[in-house]
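Okay, structure first, notes after.
Number of protein chains: 6
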Amino acid sequence: MGGAKGGSDFDPVGKSDAEIMRFCQAFMLELWQCIGPDQDIPAGDVGVGGREIGFLYGMYKKLAREYNTGVLTGKGGTWGGSILRPEATGFGALYFTQHLLDKAGKTIEGKKVALSGFGNVAWGAATKATQLGAKVVAISGPDGVCHIPDGITKEMIDYMLVMRASNRNMVEDMATKFPGKAIFTPGKKAWSIPCDIALPCAFQNELSEDDAKELKANGCWCCCEVSNMGCQPGAIHFFQHNGILFAPGKAVNAGGVATSGLEMTQNAEHISWSGEEVDAKLHFIMKSIHEQCVKFGTQPDGTIDYVKGANIAGFMKVATAMLEQGII
Amino acid sequence: MGGAKGGSDFDPVGKSDAEIMRFCQAFMLELWQCIGPDQDIPAGDVGVGGREIGFLYGMYKKLAREYNTGVLTGKGGTWGGSILRPEATGFGALYFTQHLLDKAGKTIEGKKVALSGFGNVAWGAATKATQLGAKVVAISGPDGVCHIPDGITKEMIDYMLVMRASNRNMVEDMATKFPGKAIFTPGKKAWSIPCDIALPCAFQNELSEDDAKELKANGCWCCCEVSNMGCQPGAIHFFQHNGILFAPGKAVNAGGVATSGLEMTQNAEHISWSGEEVDAKLHFIMKSIHEQCVKFGTQPDGTIDYVKGANIAGFMKVATAMLEQGII
Amino acid sequence: MGGAKGGSDFDPVGKSDAEIMRFCQAFMLELWQCIGPDQDIPAGDVGVGGREIGFLYGMYKKLAREYNTGVLTGKGGTWGGSILRPEATGFGALYFTQHLLDKAGKTIEGKKVALSGFGNVAWGAATKATQLGAKVVAISGPDGVCHIPDGITKEMIDYMLVMRASNRNMVEDMATKFPGKAIFTPGKKAWSIPCDIALPCAFQNELSEDDAKELKANGCWCCCEVSNMGCQPGAIHFFQHNGILFAPGKAVNAGGVATSGLEMTQNAEHISWSGEEVDAKLHFIMKSIHEQCVKFGTQPDGTIDYVKGANIAGFMKVATAMLEQGII
Amino acid sequence: MGGAKGGSDFDPVGKSDAEIMRFCQAFMLELWQCIGPDQDIPAGDVGVGGREIGFLYGMYKKLAREYNTGVLTGKGGTWGGSILRPEATGFGALYFTQHLLDKAGKTIEGKKVALSGFGNVAWGAATKATQLGAKVVAISGPDGVCHIPDGITKEMIDYMLVMRASNRNMVEDMATKFPGKAIFTPGKKAWSIPCDIALPCAFQNELSEDDAKELKANGCWCCCEVSNMGCQPGAIHFFQHNGILFAPGKAVNAGGVATSGLEMTQNAEHISWSGEEVDAKLHFIMKSIHEQCVKFGTQPDGTIDYVKGANIAGFMKVATAMLEQGII
Amino acid sequence: MGGAKGGSDFDPVGKSDAEIMRFCQAFMLELWQCIGPDQDIPAGDVGVGGREIGFLYGMYKKLAREYNTGVLTGKGGTWGGSILRPEATGFGALYFTQHLLDKAGKTIEGKKVALSGFGNVAWGAATKATQLGAKVVAISGPDGVCHIPDGITKEMIDYMLVMRASNRNMVEDMATKFPGKAIFTPGKKAWSIPCDIALPCAFQNELSEDDAKELKANGCWCCCEVSNMGCQPGAIHFFQHNGILFAPGKAVNAGGVATSGLEMTQNAEHISWSGEEVDAKLHFIMKSIHEQCVKFGTQPDGTIDYVKGANIAGFMKVATAMLEQGII
Amino acid sequence: MGGAKGGSDFDPVGKSDAEIMRFCQAFMLELWQCIGPDQDIPAGDVGVGGREIGFLYGMYKKLAREYNTGVLTGKGGTWGGSILRPEATGFGALYFTQHLLDKAGKTIEGKKVALSGFGNVAWGAATKATQLGAKVVAISGPDGVCHIPDGITKEMIDYMLVMRASNRNMVEDMATKFPGKAIFTPGKKAWSIPCDIALPCAFQNELSEDDAKELKANGCWCCCEVSNMGCQPGAIHFFQHNGILFAPGKAVNAGGVATSGLEMTQNAEHISWSGEEVDAKLHFIMKSIHEQCVKFGTQPDGTIDYVKGANIAGFMKVATAMLEQGII
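Protein chains in written order, with my numbering: chain A, 5 to 332; chain B, 5 to 332; chain C, 5 to 332; chain D, 5 to 332; chain E, 5 to 332; chain F, 5 to 332.
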């Protein structure tokens, strides 16, 4: 909790809910006049989840005497939070992938997808990939990988939520629950399963250069990084020099932050959108991000360097705004 | 005029427009710093109609020096008011009814509807019911009921506006205008006309237990309360214990307040919506309210207690927000 | 730069970008507390383009410490500006024309359109007219007119942008670029080309009574004024007394200001719309303006006086709001 | 704690300092935006002493982020409180008495003064009376009266503080401490001791008509009411109709509130005054109040009705300000 | 009423008090957010007296919800006005004269003073001149002059108030009231009476070059201009070139505005000063103004040019503050 | 320039006035909303003199649109600065010394005073010491010491200003100007001159233990530290254990900061005080500080440990206010 304006040295480990609440209230008492829906908008992050955002907003409302829900994002669903937030990163990543494939003259339908993890992001990615017609053939966990030869089913996707809620953190449970359909191999990564498209959805550096080589050897021809910096530099280098379509997390996983932005929009409008509306707007945003990558990443030979495209697009947006608004 | 923050003892009866105006201006001079589009938003109510809201807003604008139309609802159509406000309660009630029927495995098409009154709410309900394919076979007034065997027509619905504007307050006029098509019976209620669906649209306690029994005896199997507490407790008890689908006004007539909320949204967006947009959003809201009733009112036997569902849903929304936002 | 609140005597001619910037910053230092997204919203105008709006907004943001982009319109596309702004006036004019024709029982498809100029407005008009199925047979410049017998093509419309960017200000270039397809006649106006519909898109008083007579003689039966007061009073009088459909700029060209309003809405919502969304909302607004003209301009004989209709509609909107909000 | 804006039902009895503190903080969190140094200024009263004012101010400072000490009075001496506050009421009463005597052609020097109580007010009155040359011959308590034939001494006055701090609430202690000099009589009031001037300094209704008669019988010719409504109506009537100079508490005890006003002035000036400065300003204020009483209370026969004078002066001040400032 | 920020075209002539009040309230409703005790502070002037200041302040207080009396000067005595305001200009003029004489090695005691007018300013000047030991030998009116050979008395000074209140505007009344002591000569100015010191206290241009010559011929050796530009340029030139001490109104009559400043100080301090305190501070200010005139007006020959001194001192104060605070 | 809220890395060395001005303006543009007359009040310090305060205030006034001079101290004399600021530290130190001597049963009259430096502080100290009847027998500079056996004269004190303005930084100039009266000894400190009272007025650590011993050997019996930590710990230890009266700079030199506080008071009051008023208030403050030192520093043997007294008094003031205002 904290950030550029200072933060605190409060350690929430071992504190009761009431202690957390009092800390959040004291923190907001210091912070409240520095934030606002058109100023700075804190959001949840590591150690600041729904509970903390709730306590912070309750105190903010008391102090500011205004129901400015847009001052914080990550709020509860009944008081200004976004309905599609858990799925946002995964859904957005698949929309990006869809446009990347389309640009490359391919479609996602029928393609085999290997993804890592089985948490929030993997769950959203599996859901949307399946919706779009792909076949998710692998999910993984710290204990190993589950191969799902016929593609993940609705029941399996729902069971991912049960697995996560159990706190056991074992992907083997999927194989136990769906014997024959999901085959567990301990100690292996998702990248060992033959696939068309690899989607790292778990954690930083989860896909090494060796993994990249194994993927290629097994027929993979596309990798969209969903986790933050999930691919090691060597892996990215290998993808880019071996004809494998690659897009960086900076672009692919922007759906999470974008949905926070949509939460702010709903708050500004004093309205809640249906899941369909959030989804459509998320799709539009991911499509625009893809277009920016294409605009700035298209190479002389017509191929697209998504890493370069995403970097330049981001830089240009900030730089243009700064230049246009003058030096003060 | 007044409310929790105090109010006044000004009696508008017999006052000129200029006196009403000066009172509204003086009242707002006291009130203006306590209200705001993200704070408290007064709306019209008994004795506070479009005229008063206009005078109040004019003074607010002068004092606050901002064109914050969202600070009051019930505004005139050319300066921030909602285009569908008169129809809102009636339209919303029918959307709720439609979802209730759908949930019960039925449709509204072709069903006979008896509704009470011929004012604003009844007019909106008749309009939307007819649009959705139902046959409105009864409207009523203080003088009696009009039976309309073939269902109300567009011309008749338009004539309801004329009747209301005449201030005669006699439903018999409909029979006079449309002889043969509308048959007037003096001293009877709408509930005496055989129907599938009863919609009390007039005033509190307008439907007694005896009325409920008469409805059932005549084949009625559904009653959606549109007026505020239109059904007497005995009537509700009878409905609930005799297999008649019943939904309380708390849920059914929420379309009016919801449209005030949509007016605030349009004001926050600095935009006016078309009637279609307002209607679609109203429908979405009523659908969500119905879903909440189902979520909290579904009984072990699979039936839905809409009274229980509406009460619990309302309580849970407030209670959850309070708990999540902490104790201060 | 300036207006009702005072303005300045700074002459930007011959000033460097840095001098312009410092002037804009000093100007905003005086102005900032008098403007706001719900108060007064300056927009670009003669001598105040994107560069100036950028410098003004940069200083405003610094002073107000809020990212209230809605405080100015005409912003850059990456920091709150509207995506369809250049096309707005032309697109809006054609939507209005379309509704006018529809009301008159005609369609725009296949009709020959002569329009003056080849700048921003003419380009938008030509684009949308072509999209709607009309055949743009003339564009013009200070040097003469280009007759395009088979109707303007996508390539020609794109070339209009090149011509404008060249700063040569010569419409003859179109004929040079597309020999055979575009025929240049020096010293003549667009109104010399036979057409169904005339769209003055250039400057004030560009269409005289004689031009009106020539248009009629050549078969023209409709003129929608796009430029501000593009038709001389004699021309309007001739149109109105010789059976030619005429609509004034006050209504026809409102799409520009309306799109500034939509920019404010996007800013209030903290969101950017796609071009399609802006276009749809622009269409809705132009349709509403047309309806207002019809409502107030329909003559006893059923014909519509759009001049009268636009004037009365504008007056009524302001007058109604003033009366309803009281005298203070 | 509370007042016109609402207050609370918190009962401080039996609460710990920390509980009192948290209540004060919660109370101020509600109140802070309604008070201010030029707006409403709460002060201590029954149940709200220095401890509560400290907690309230600490929270106010935190919330308002300004060191506006003038927002509350009764503050601690090191952070904006007034140095002469405990003595203020008593000192002011004696200044008033001095001017009353002067107006009547008399002096206070050498006069015998009987005063009731031995608390804060009595202590201040005894101190100043002695300073001005009077001889304080009686103080009293719930247990009886102490006659001090030779006049109270500096040591005795200091001992009043000790007695009060002991919480024994027995005036007999003075006689025990100063045998021979102070003679205790149980069950009697101060009004039983022969004196020139009677100063009721204890509580409401402490001086009855019988007391008034006893005073007169013993030679008393002046009574200045220091406690709030210390004299019963019958006593006042007797004084006024038997040639005894009488001034009401409304005027006589205004020094307490006036010193709160001086605390506000010191806060507004960001400065602390010496005791001498506070005393001089207090004297000036009491002199002005006396002059107002004379101005409005002088009778046709030249005598002064201080009750009438104080009432009319207070009314005129408010009424004049209201009339001069217009009706709104 | 009005000034640099705009003003109005309201003509108060013939309006009732209620109309004046409503105008003042409407005017303040526009003005209130542009003024403040540290911002702009309107004061009374021609056509804006105590009545108007009262109505303006009443409305300001209502709008701003703060008791910021310092926002206007010229308030009523019971709600923030200054106690010595009527006397301020006359008193200040005499303090300046006293210091001017002292600097010239002379005293005011026993000197004969001729002053013009018998209004507010003349009354203050006569009062203070007499207090300081001078002998006021002439007052005047539109009807002529009163010679008072033995000097004006306390009774005569008080009678000036009666004369002014009578609205007769005739100085002859003084001679009628005090026969023998005050000798009236019709049609003559005060400058015809032999004196040491001439004090023009009436109106602009009231003392011509011929008057100046007559004064000198009669022994006058000093003229302090109290009225605004009371001396014609020729008179000033004559004084300065004929060894007559002269000081301009710019310096001499500054006591009026200075006392408005002292009213602001009392308001900022939340306190009322006694007349003595106001007088002492006024004296200090006039002494400082005199010192500034000496500092900047001392000539190489040691004499003091008060016209030059006052002009330079005023310019330097503004110029120094501007330079020190930088160019923005 | 900077401090707790951040500061900057701007190096004013070698910058033009215009560059300094622009830096100050940019700095204030960031700072202005964090400061205020009741909030944080920056003052001049090393590298921030009158020039910088002027530029900062000019920008503040522009931004805040209020003439809140109290927001900064160290302002120019014509726009809110204090008249006695240069002398403040020296005057205050002598008032403290006077009270210290009085408490010790001594007087300052006729005592020989040795002081170090000849700058601002030394000049103020010499002025006031002489006014109070002491004989200043030594001043010093980096080049050595001037012995002035008969005590410094008014002419010599005035010449200190000339010496400082010359920027030569040589105390020998005094001896050159006043031969015979001031005797220069190169390379020696003021502490080598026999005296009763030593006043270090120059810089940190300027008085060593050896100096202390030399002072005692020469008869010195009192040392009041005027410079910030002018005495080395060994010197203080020697003084305290050898019967020499010693007071620390923390208390002795508080007059500088106190006069900044008085500048704030004058600003809050919208008034300028005469030098006499500032001096009297400064004296009152120094007297109070001395009393606090006595209160907390009196030892069981009756002697006063001013180091202990000053430390405890400072701590108690802050601690008491914190405790009384509660824990938040």
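We put the beta carbon where it would ideally sit given N, CA and C, even for glycine.
Note to self: Rounded to the nearest angstrom, what separates Gly260 (chain A) and Met320 (chain B) at their Cα positions?
What the structure shows: Each residue's alpha carbon lies about 28 Å from the other.
Next item on the list: Could you name the residues of the stretch 251-272 of chain C whose beta carbon sits closer than 8 Å to any beta carbon of chain B, in the order they occur along the chain?
Entry: Gly265, Leu266, Met268, Thr269 and Ala272
Next item on the list: Could you check how far apart the C-beta atoms of Ile87 (chain B) and Gly81 (chain B) are, in whole angstroms? I think they sit under 8 Å.
Entry: About 6 Å; that satisfies the 8 Å criterion.
Check: Smallest Cα separation from Gly114 (chain E): which of E:Ile156, E:Gly62 and E:Val256?
Finding: Relative to the Cα of Gly114 (chain E), the nearest Cα in the group E:Ile156, E:Gly62 and E:Val256 belongs to E:Ile156.
Margin query: I'd like to confirm the pairing. Which residues does DSSP put opposite Ser144 (chain C) in its beta bridges?
Written below: C:Val149
Item checked: Beta-carbon spacing of Ala255 (chain C), Ala314 (chain C) below 8 Å -> yes
Checklist line | Chain-ordered chain E contacts of Ala314 (chain D) [CB-CB under 8 Å] | finding: Within 8 Å Cβ-Cβ: nothing; Ala314 (chain D) doesn't reach chain E, min ~15 Å.
Checklist line | Opposing strand residues paired with Ala251 (chain E) [DSSP bridges] | finding: E:Cys228
Check: Which chain E residues are close to Gln43 (chain D), counting only those with a beta carbon under 8 Å from its beta carbon?
Finding: Arg69, Glu70 and Tyr71
Check: Looking at Glu267 (chain C) and the ligand NAD, is the gap between the Cβ and the nearest heavy atom below 7 Å?
Finding: This structure does not include the ligand NAD; it has no bound ligands of any sort.
Next item on the list: Could you work out which residues of chain E lie near Ser120 (chain F), taking near to mean beta carbons separated by less than 7 Å?
Entry: In chain order: nothing, as chain E lies at least about 32 Å away.
Notebook entry, point to check: Whose C-alpha, out of D:Lys299, D:Arg26, D:Asn124 and D:Pro237, is nearest the C-alpha of Arg168 (chain D)?
Noted result: D:Asn124
Margin query: Distance check for Ala47 (chain A) and Met5 (chain A), CA to CA, integer angstroms please.
Written below: Summary for Met5 (chain A): the model assigns pLDDT 39, below 50, so the residue's position carries little reliability; its value from the coordinates is reported in the next sentence. Straight-line Cα distance between these residues: approximately 10 Å.
Margin query: Which residues in chain C have a C-beta closer than 8 Å to the C-beta of Gln37 (chain F)? List them in chain order.
Written below: Arg69
Check: In chain F, which residues lie less than 7 Å from Ile275 (chain D) when you measure between Cβ atoms?
Finding: What Ile275 (chain D) touches in chain F: Thr269.
Check: According to the neighbour-count rule (16 or more other Cβ atoms, all chains shown, within 10 Å of its Cβ), is Gln270 (chain C) buried or exposed?
Finding: buried
Notebook entry, point to check: Can you find a CB in chain A that lies within less than 8 Å of the CB of Leu33 (chain D)?
Noted result: For Leu33 (chain D), the answer is yes, since a Cβ of chain A falls inside 8 Å of its Cβ.
Note to self: With distance defined between alpha-carbon atoms, name the residue in C:Val75, C:Lys110, C:Arg69 and C:Ile197 nearest to Asp44 (chain A).
What the structure shows: C:Arg69
Notebook entry, point to check: Which whole-angstrom value is the C-beta distance of Ala194 (chain D) and Cys228 (chain D), which I expect to be below 8 Å?
Noted result: Actually they are not in contact, since the Cβ atoms of Ala194 (chain D) and Cys228 (chain D) sit about 13 Å apart, beyond 8 Å.
Checklist line | Spatial distance of Leu67 (chain F) from Glu273 (chain D) (CA atoms) | finding: 24 Å
Check: If you check the beta carbons only, do Glu210 (chain F) and Pro204 (chain F) fall under 8 Å apart?
Finding: yes
Notebook entry, point to check: Are any of the Cβ atoms in chain A nearer than 8 Å to that of Leu327 (chain C)?
Noted result: no
Item checked: Cys199 (chain C) versus Trp277 (chain B): straight-line alpha-carbon distance, rounded -> 37 Å
Notebook entry, point to check: How many Å lie between Tyr71 (chain A) and Phe207 (chain F) at the Cα?
Noted result: 57 Å
Item checked: Positions along the stretch 168-187 of chain F whose CB lies within less than 8 Å of some CB in chain D -> none
Check: CB-CB under 8 Å to Val322 (chain F), same chain, minus the five flanking residues each way: which ones, in chain order?
Finding: none
Notebook entry, point to check: Within 8 Å (strictly less), CB to CB, does Lys299 (chain D) reach chain E?
Noted result: no
Item checked: Span of the beta strand (DSSP E), counted from its first residue to its last, around Lys116 (chain E) -> It spans Lys116 to Leu119 - the beta strand (DSSP E) in which Lys116 (chain E) sits, taken as one unbroken run.
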